[in-house]
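Trainee: Residue numbers (the numbering used here), protein chains in the order written: chain A, 1 to 420; chain B, 1 to 295. Note that the Cβ used here is the ideal one computed from N, Cα and C, for glycine as well. Just dropping this structure here.
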């Protein structure tokens with residue numbers, strides 16, 4: 001199942017100006033986080049009794065989960081439907097999903113009033129099966145475990161001779177190598193390798209099932225508040241719409257990330273994989289469009305489309321520019337073959353079509369009956385969200401530098417073995 | 001007066017004997033089918049309220065919330081803005097314009113409605129909320145994670161949060177004076193102090209009857225609508241009024257419980273885990289088929 005020879009650690013210096021920028025943003029966010037833990041949520045957020053949920057839920061949690069959909073959609077494509085051609089993109093997508101879900105958990109540690117009780121859903125005595133949030137919590141916990149397990153073979157492969165330790169980690173090279181030469185260590189690695197080789201197919205399917213379950217349950221969260229959510233988004237089939245848009249965002253997210261990474265690391269975009277992948281997108285986005293429009297028509301909610309409200313404008317931005325526009329653009333073969341065109345389309349759907357959709361559902365559409373004004377995130381909330389995303393990108397950068405995640409650039413295959 | 005408060009209280013004890021004798025006999029009623037026919041109710045007749053706000057003071061005292069002395073509750077300037085219950089006040093009284101042609105304003109007390117199909121109970125993922133047999137919605141701060149989904153779910157926007165408590169913030173709302181009523185056998189503090197008998201405490205079923213009688217007796221005084229009888233499936237707190245409730249700051253809600261959609265979907269998916277298992281098997285089959293083709 002694994003195409004080991006194709007992936008290699010990134011051979012670039014770790015400390016680039018971009019990395020320093022990320023570290024700066026993370027430091028700012030950390031400052032606000034410290035303030036939040038000392039003085040409470042009210043001290044640095046604009047959350048209140050009217051607006052209990054803000055961007056930490058809309059962006060960090062809901063969008064974090066949605067944008068991690070690349071993980072299960074690519075692993076389904078490559079491992080379940082055995083489209084061998086796409087193997088090279090599975091690992092980066094898996095890493096993104098793993099980090100994405102980890103940061104959903106971390107963001108909750110900031111958002112939850114009693115963050116130290118985050119483990120409570122594990123206790124059977126507290127299980128509350130009627131709650132959509134319970135389902136989300138259980139599935140996310142299980143899926144995060146599955147993602148870590150799915151990642152183990154990559155770690156094993158690294159330990160078996162593909163480990164890269166860029167400065168300042170290179171000081172560890174000596175001890176790590178001598179440890180890896182120990183007989184018992186090699187035995188454990190070998191055993192784990194065989195074990196995971198055998199159970200991997202179970203994990204892959206479990207990952208897809210768990211993803212389908214909580215991606216949809218996430219859409220059910222707001223279904224309990226029919227009087228508070230704007231009718232452009234509130235729908236009895238929100239569950240289905242969330243699942244469909246998450247499935248549809250999987251490949252655009254992978255493309256977005258892959259082209260971005262290629263540019264950042266000075267490589268050629270892998271168009272020979274991405275163009276065929278992009279060909280699949282219109283099917284999924286198209287299905288979502290049909291569902292979304294039918295929903296608006298059946299509920300007669302389209303009347304709110306042009307009422308000039310802030311909500312209606314956000315909807316047009318989301319659906320018009322984030323869903324319909326990339327859908328039609330991606331029908332063109334020329335767009336799919338152009339790295340820039342493909343990147344723009346993928347970015348539109350990722351950022352406007354799904355990220356903005358989740359923000360709209362959880363924040364923009366939320367109108368409490370006794371609202372004294374709109375909710376606007378505070379600087380602290382934004383800073384912490386930015387810091388979370390920065391940490392995620394930094395972790396990605398560090399992990400792809402150490403472990404064989406990214407596909408080897410052309411002509412470099414095999415050259416690494418000598419170094420390790 | 002057809003129904004005397006004391007009588008009603010006795011009735012509540014006689015009828016709801018089981019609930020009161022054993023207050024720990026909890027029944028999850030979020031799916032509705034376990035609602036006790038003798039569960040508590042409170043009838044608020046807004047036509048009687050004079051806006052003295054003694055109930056606000058009594059509530060704070062009962063629940064040990066920070067409070068000014070009773071004398072300061074005569075201050076009517078608070079009525080200039082619409083107030084909401086918050087983490088330090090479980091109930092507030094607001095003033096609204098009265099019926100057309102009459103000069104007198106209408107005062108409306110708000111607090112947790114103690115729904116029959118409570119959204120907070122259904123929403124809470126760790127079961128920190130519970131509708132106990134007597135009908136009161138109880139909150140267990142120890143279970144709570146502070147996710148505030150209950151606040152998102154509540155159609156009345158009632159649960160309030162201690163946003164400025166950094167270590168042990170909890171959700172705050174009216175308890176229906178559960179301990180006071182079931183252990184001390186007293187009325188809820190607000191009803192007890194009310195000088196004008198605005199509130200009548202008793203079995204919800206009896207209160208509905210009483211409310212209908214009042215409307216029938218004085219059809220010119222009351223609008224023919226008992227707020228809370230059917231709203232979101234019914235609430236323990238019931239309101240009578242001389243003007244439409246939409247003009248009194250109470251949300252206009254349908255009869256369907258807000259929990260219904262999610263609970264139906266959740267149950268459909270997780271009753272016997274059929275859909276996840278079916279999906280798992282389907283994907284397994286797909287994997288197998290495609291592997292065959294490849295080799």
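Along chain A, in chain order, which residues have C-beta atoms closer than 7 Å to that of residue 261 of chain B?
Mentor: 223 and 236
Trainee: Determine the DSSP secondary structure at residue 338 of chain A, reduced to helix, strand or coil.
Mentor: coil
Trainee: Compare the C-beta of residue 120 of chain A with all C-beta atoms of chain B and state if any pair is closer than 8 Å.
Mentor: yes
Trainee: So which residues of chain B does residue 239 of chain A contact, with C-beta pairs closer than 8 Å?
Mentor: 265
Trainee: At least one CB of chain A closer than 8 Å to the CB of residue 84 of chain B: is that the case?
Mentor: yes
Trainee: Going by DSSP, what residues sit across from residue 138 of chain B in a beta bridge?
Mentor: B:130
Trainee: Between the alpha carbons of residue 72 of chain A and residue 45 of chain B, how many angstroms are there, rounded?
Mentor: 57 Å
Trainee: Which residues does DSSP list as the beta-bridge partners of residue 89 of chain B?
Mentor: B:86
Trainee: Can you tell me the Cα-Cα spacing of residue 177 of chain B and residue 125 of chain B, whole angstroms?
Mentor: 25 Å
Trainee: Determine the extent of the beta strand (DSSP E) in which residue 266 of chain A is found, giving its start and end residues.
Mentor: Here residue 266 of chain A belongs to no beta strand (DSSP E), and DSSP marks it neither H nor E.
Trainee: Hey, does residue 377 of chain A have any beta-carbon neighbour from chain B nearer than 8 Å?
Mentor: no
Trainee: In this structure, how does DSSP classify residue 12 of chain A when only helix, strand and coil are distinguished?
Mentor: coil
Trainee: Give a yes or no on whether the minimum CB-CB distance between residue 32 of chain A and chain B is below 8 Å.
Mentor: Output row for residue 32 of chain A: interface = no.
Trainee: Measuring straight from C-alpha to C-alpha, what distance separates residue 59 of chain B and residue 188 of chain B?
Mentor: 8 Å
Trainee: For the 8 Å Cβ check, are there 3 or more pairs between the segment 156–170 of chain A and the segment 134–147 of chain A?
Mentor: no
Trainee: As a quick exercise: from B:191, B:231 and B:152, pick the residue whose alpha carbon is nearest that of residue 225 of chain A.
Mentor: B:152
Trainee: Residue 160 of chain B versus chain A: which residues are under 7 Å apart at the beta carbon?
Mentor: 49
Trainee: For residue 128 of chain A, decide whether its Cβ has a neighbour in chain B, counting only Cβ atoms nearer than 8 Å.
Mentor: yes
Trainee: For residue 160 of chain A, which residues in the same chain have their Cβ closer than 7 Å to its Cβ, ignoring the five residues on either side in sequence?
Mentor: 189
Trainee: May I ask you to list, following chain order, the residues of the segment 239–258 of chain B that have a beta carbon less than 7 Å from some beta carbon of chain A?
Mentor: 251, 253 and 258
Trainee: Could you tell me the distance, in whole angstroms, from the CA atom of residue 29 of chain B to the CA atom of residue 43 of chain A?
Mentor: Note on residue 29 of chain B: pLDDT 44, under 50, position unreliable in the model; no value is reported.
Trainee: Along chain B, which residues have their Cβ under 7 Å away from the Cβ of residue 135 of chain A?
Mentor: 266
Trainee: Using the beta-carbon of each residue, which ones in chain B are nearer than 9 Å to residue 265 of chain A?
Mentor: None at all; the shortest Cβ gap to chain B is about 32 Å.
Trainee: So for residue 127 of chain A, helix, strand or coil by DSSP?
Mentor: Three-state result, residue 127 of chain A: coil.
Trainee: Give the straight-line distance between the Cα atoms of residue 307 of chain A and residue 51 of chain A, rounded to the nearest whole angstrom.
Mentor: 24 Å
Trainee: Would you verify that the beta carbon of residue 146 of chain B is, or is not, closer than 8 Å to some beta carbon of chain A?
Mentor: Residue 146 of chain B counts as touching chain A.
Trainee: Does the segment 10–29 of chain A come into contact with the segment 398–412 of chain A, if we say contact requires no fewer than three beta-carbon pairs (one atom in each stretch) closer than 8 Å?
Mentor: yes
Trainee: Can you pull the chain B residues whose beta carbon is under 9 Å from the beta carbon of residue 117 of chain A, in chain order?
Mentor: 126, 142, 143, 144, 145 and 146
Trainee: What is the C-beta distance between residue 59 of chain A and residue 385 of chain A, in whole angstroms, given that I count them as a contact (C-beta under 8 Å)?
Mentor: The pair is a contact, with the Cβ atoms about 5 Å apart (cut-off 8 Å).
Trainee: Is there a C-beta anywhere in chain C that falls below 8 Å from the one on residue 53 of chain A?
Mentor: Absence of chain C from the displayed structure is noted, the protein chains being A and B.
Trainee: Which whole-angstrom value describes the C-beta separation of residue 143 of chain A and residue 207 of chain A, a residue pair presumed to lie in contact below a C-beta threshold of 8 Å?
Mentor: 6 Å
Trainee: With 8 Å as the limit, tell me which residues of the segment 269–288 of chain B have their beta carbon closer than that to any beta carbon of chain A; keep them in chain order.
Mentor: 269, 270, 276, 279, 280, 283, 284, 286 and 287
Trainee: Which chain A residues sit within Cβ distance under 7 Å of residue 181 of chain B?
Mentor: Chain A residues near residue 181 of chain B: none, gap ~26 Å exceeds 7 Å.
Trainee: According to DSSP, is residue 238 of chain B helix, strand or coil?
Mentor: strand
Trainee: Residues of chain A with a CB under 7 Å from the CB of residue 152 of chain B: which are they?
Mentor: 52, 53 and 225
Trainee: Which first and last residues belong to the beta strand (DSSP E) in which residue 201 of chain B is found?
Mentor: 199–203
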